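Let me begin by presenting the structure, written as structure tokens, before commenting on it.
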Amino acid sequence: MASFRLFDLNDAQRAAVTQTDGPVLILAGAGTGKTRVITARIAYLLAQGVEARRILAVTFTNKAAGEMKERVGTMVDPDAAKGVTIATFHALCVRLLRTDIERLGWKKNFSIYDQGDCLGLIRGIITRTAARDEKLEPNAAQSLISKLKNDPRIAAGKSADESTLVGAVFTRYQAELKRLNAVDFDDLLLLAVRLLREHPDARDKWRARFHYLMVDEFQDTNRLQLDLVSLLAHGSPPNVCVVGDDDQSIYGWRGAEVANILEFERHFPQPKILKLEQNYRSTNAILHTANSLIKNNPRRRPKTLWSEHGTGDKVQLVPAPNEGEEAAYVINEIHRRRAAGEAADYRDFAVIYRTNAQGDFFERELRAVNIPCQRIGGTSILDRREVKDLLAFVACLLNADDDVSLLRIINLPPRGLGDNAIERALAHSMEKKTSLFAVLGDPEFLATLSARTRAAFQQFAMLLDSYESRMLAPGADYAAVAGALLDEIGFFPELRRTSKTEGEATAREINVRDLLRDLERYQRRSPDGGLRGFIDRVSLDRDRQEEKKREEQEAAASGVTLITLHAAKGLEFPHVFLVGLEEGLLPHERSRVEGTIDEERRLFYVGITRARRALSLSYCATRTKWGTAAGCTPSSFLRELSRDHLAHVNLGQVLNAPAAETSARSHFSRLREMLGQR
DNA sequence: CCCGCTGTGATTTTT
DNA sequence: TCACAGCGGG
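Residue numbers (this note's numbering): 35 to 712.
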């Protein structure tokens, strides 16, 4: 039974794995084998005879949840592994709400709106609410609304201050979502917490279900997430094990509360606190540098990373005259280290920066000298209109109140329902306080229309009706029905018509076909999940397909990784270039106003600890900002670094005198570099 | 429906 | 400087 191997773990890890009862705080420094400990802990619980269904592990991202599932599956009997609940916070909340949301006044078939959907709603509400002289940017409003939802007073059921525009918009927004029988991402947490708090029977039910709770990346939890964990915690003392690293808390700006981990005892008294400090990733030169930086943070749980990997190379500190030279240095080093056999592959390198804009520059420079590279993150993902369109069709079939989805598709492809007709339908639905879909079948409304418009509305309603019954019929083949719907409305020809290029049309079509294939596979694998289950999964995990594709690309053409500090968390690279280490960039100038310098320091710390064997820290004397060159000063953080493992690099010497032994190769690449820049 | 003009603002990003 | 959103005109 206990076939997994406790002896593969170090002492601290083993202690963390076997301390199963009561509150436990595992402080897992960067690269200390956190995922191993969590998965081993689950395996250990199972080996101790704990029922799989009694174990709950919560993560932030689907990626983390997926990896955890996979690893647990390799450690224990796969059937037992399947019984363990490993989910993201949001997926867990969906589960609670799909069962019990009716107590809060929503219907069970509620829709989940993503940021784009919500932004549209907010836009509309602002125009309807704001006076002529009032201005409120939808994006700003959205983030303020999100903050409000994490405000304890709102969570406790208080209403917002409606004397302010945001407050008024907030209230209307919430009412609107409820009318649409929809929730946003924050609501998933907010409503789950409200459910457990206000309905003791529901709370008792869910509490009785899980006996062992584990939370990954606890430093990233916000208030509602902590509340949720507290509400689900069962027994006294409760078996709650949280894993995290306060030094890597870098999401304060979107509501994460480091205090949750710093003041863990306040929420779960007398916990066992265990530290994982042995690092399996980096050299000691890198770790000492990281330690020397992070100890400058006043509020933290002291940790000192160490490793058995030896001292390693010094950390390079590189002043550059400007960003062009900084990039030239990085390029030069990549060539040199590959020629010298220090790195086998481009994928061993990462360039890490504070802002996405810096990535643009590096991407251009690397491309110019034919170094393959891949940008991680950025703004590639939100452009999948065709997928959202298909999902909107399905959402309408599942939730007739979902006006937002209905509006998305009501004239897609164009069926003669222009702005005017839609506006009238909306007005009527407001008047009658019904959903748009209900209006489409309302004789009173239809009577006010021209014959042509009336027919268009009626045909559309009939279309939805017929596909609703086909989808919801017992034994329905979802993918086949969806495919038939797309064919009937001429979806693919329309896709073709509205695409600029042939390539774009094909890509879009593939996206939709992939989605249908996914749906088919989902139904085969989880016949109980229903169409709803599939839609939930897609809306909570919209990157899945994209990620798969990206992985394929990565495998095919591996290159230098260009990535922001935030996105780099959790990753590691043999050779890391941390660039743009200037005051104002890191720490970012806004952090001074916002008083979040500590978080910037943690960001730097995260960056340093990504490196396995070689780390270079560079900064510029001059940087072109918004078209004009401006002088910069080195980041104040650099002064905090221990000098023991720092080597100062003279860029002029390096770039003007390539090392003799490697001159053939690097001379060649320099030539290419020069040619590439023309 | 699409194109071009103008104004604005420019950290980090997952669910 | 540059990208992009919002708007108005053809």
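Note that CB positions come from ideal geometry on N, CA and C, so glycine has one too. Note that the structure is a prediction, hence the values are computed from the model and not measured.
Buried or exposed by the 16-neighbour rule on C-beta atoms within 10 Å, applied to residue i
{"i": "TRP713", "result": "No answer is possible for residue 713: the residues shown for the chain start at 35 and end at 712."}
{"i": "ALA377", "result": "buried"}
{"i": "ARG551", "result": "exposed"}
{"i": "ILE328", "result": "buried"}
{"i": "GLY286", "result": "buried"}
{"i": "TRP340", "result": "exposed"}
{"i": "GLN304", "result": "exposed"}
{"i": "ALA354", "result": "buried"}
{"i": "LEU269", "result": "Correcting the residue identity first, residue 269 is Gly in this sequence and not Leu. By the neighbour-count rule (16 or more Cβ atoms within 10 Å), GLY269 is not buried but exposed."}
{"i": "GLU367", "result": "buried"}
{"i": "HIS682", "result": "exposed"}
{"i": "LEU553", "result": "buried"}
{"i": "PRO272", "result": "buried"}
{"i": "ALA698", "result": "Only weak support is given to the placement of ALA698: the predicted model assigns it a pLDDT of 42, under 50, and the value that follows is read from those uncertain coordinates. ALA698 comes out exposed."}
{"i": "LEU43", "result": "buried"}
{"i": "PRO186", "result": "exposed"}
{"i": "THR598", "result": "buried"}
{"i": "LEU310", "result": "buried"}
{"i": "PRO561", "result": "exposed"}
{"i": "PRO608", "result": "buried"}
{"i": "LEU416", "result": "Per-residue confidence for LEU416 stands at a pLDDT of 47, beneath the threshold of 50, marking its modelled position as unreliable; no derived number is given."}
{"i": "MET464", "result": "exposed"}
Span of the alpha helix (DSSP H) around residue i
{"i": "PHE428", "result": "For the sequence presented, residue 428 should be read as Val rather than Phe. Run containing VAL428: 419-432, per the alpha helix (DSSP H) assignment."}
{"i": "VAL84", "result": "That residue, VAL84, is in no alpha helix (DSSP H); it is neither H nor E in DSSP."}
{"i": "GLY139", "result": "It is not in any alpha helix (DSSP H) - GLY139 carries neither H nor E in the DSSP assignment."}
{"i": "VAL292", "result": "Segment: none, VAL292 is in no alpha helix (DSSP H) and carries neither H nor E."}
{"i": "ASN330", "result": "Unbroken run through ASN330: none, as it is neither H nor E."}
{"i": "THR630", "result": "It is not in any alpha helix (DSSP H) - THR630 carries neither H nor E in the DSSP assignment."}
{"i": "ARG488", "result": "485-506"}
{"i": "THR255", "result": "First-last for THR255: undefined, no H or E at that position."}
Opposing strand residues paired with residue i [DSSP bridges]
{"i": "THR595", "result": "ALA384, GLN408"}
{"i": "SER145", "result": "ALA216"}
{"i": "PRO668", "result": "GLU616"}
{"i": "VAL403", "result": "Answer is none; VAL403 lacks a bridge partner."}
{"i": "TRP340", "result": "GLN312"}
{"i": "ILE120", "result": "ALA91"}
{"i": "THR662", "result": "LYS659"}
{"i": "SER469", "result": "Per DSSP, none; premise fails for SER469."}
{"i": "TYR653", "result": "PRO353"}
{"i": "ALA648", "result": "HIS609"}
{"i": "HIS622", "result": "GLY618, LEU619"}
Terminal residues of the beta strand (DSSP E) in which residue i lies
{"i": "LYS309", "result": "306-310"}
{"i": "PRO608", "result": "607-612"}
{"i": "GLU659", "result": "Correcting the residue type first, residue 659 is Lys in the shown sequence and not Glu. Element bounds for LYS659: 656-659."}
{"i": "VAL349", "result": "349-354"}
{"i": "HIS124", "result": "Not the beta strand (DSSP E): HIS124 falls in the alpha helix (DSSP H), residues 123-134."}
{"i": "ILE89", "result": "89-93"}
{"i": "GLY278", "result": "274-278"}
{"i": "VAL249", "result": "246-249"}
{"i": "LEU61", "result": "58-62"}
{"i": "LEU680", "result": "680-682"}
Closest by C-alpha distance to residue i, when choosing among the options
{"i": "LEU211", "options": "ALA242, ASP250, LEU153", "result": "LEU153"}
{"i": "GLU251", "options": "LEU685, ALA62, GLY509, VAL627", "result": "ALA62"}
{"i": "TYR363", "options": "LEU565, VAL438, GLY614", "result": "GLY614"}
{"i": "ASN11", "options": "GLN408, PHE494, LEU460, GLY411", "result": "Nothing about residue 11 can be read from this structure; the chain reaches only from 35 to 712."}
{"i": "LEU519", "options": "GLU543, LEU424, LEU451, GLU623", "result": "LEU424"}
{"i": "GLY358", "options": "LEU247, SER670, LYS659", "result": "LYS659"}
{"i": "ALA489", "options": "ASP453, ARG449, SER500, ALA189", "result": "ARG449"}
{"i": "PHE333", "options": "PHE568, ARG542, GLU633, LEU549", "result": "Rather than Phe, the amino acid found at residue 333 in this sequence is Arg. Nearest option by C-alpha distance: GLU633."}
{"i": "LEU126", "options": "ASN143, VAL227, ARG39", "result": "VAL227"}
{"i": "ASP678", "options": "THR338, ARG458, THR345", "result": "THR345"}
{"i": "VAL421", "options": "ASP453, LEU529, ALA485, MET496", "result": "LEU529"}
{"i": "SER670", "options": "PRO621, THR662, LEU680", "result": "PRO621"}
{"i": "ILE365", "options": "SER652, SER197, LEU178", "result": "SER652"}
{"i": "LYS306", "options": "GLN253, ILE135, ARG257, ASP55", "result": "ASP55"}
{"i": "VAL352", "options": "ASP45, ARG39, SER193, SER650", "result": "SER650"}
{"i": "LEU672", "options": "GLY604, GLU617, ARG646", "result": "GLU617"}
Beta-carbon separation (whole angstroms), residue i vs residue j, contact threshold 8 Å
{"i": "ALA426", "j": "SER469", "result": "With a Cβ gap of about 15 Å, ALA426 and SER469 do not count as contacting."}
{"i": "ALA267", "j": "VAL277", "result": "Rounded, the Cβ-Cβ distance is 15 Å, inconsistent with contact."}
{"i": "LEU612", "j": "ILE320", "result": "Rounded, the Cβ-Cβ distance is 11 Å, inconsistent with contact."}
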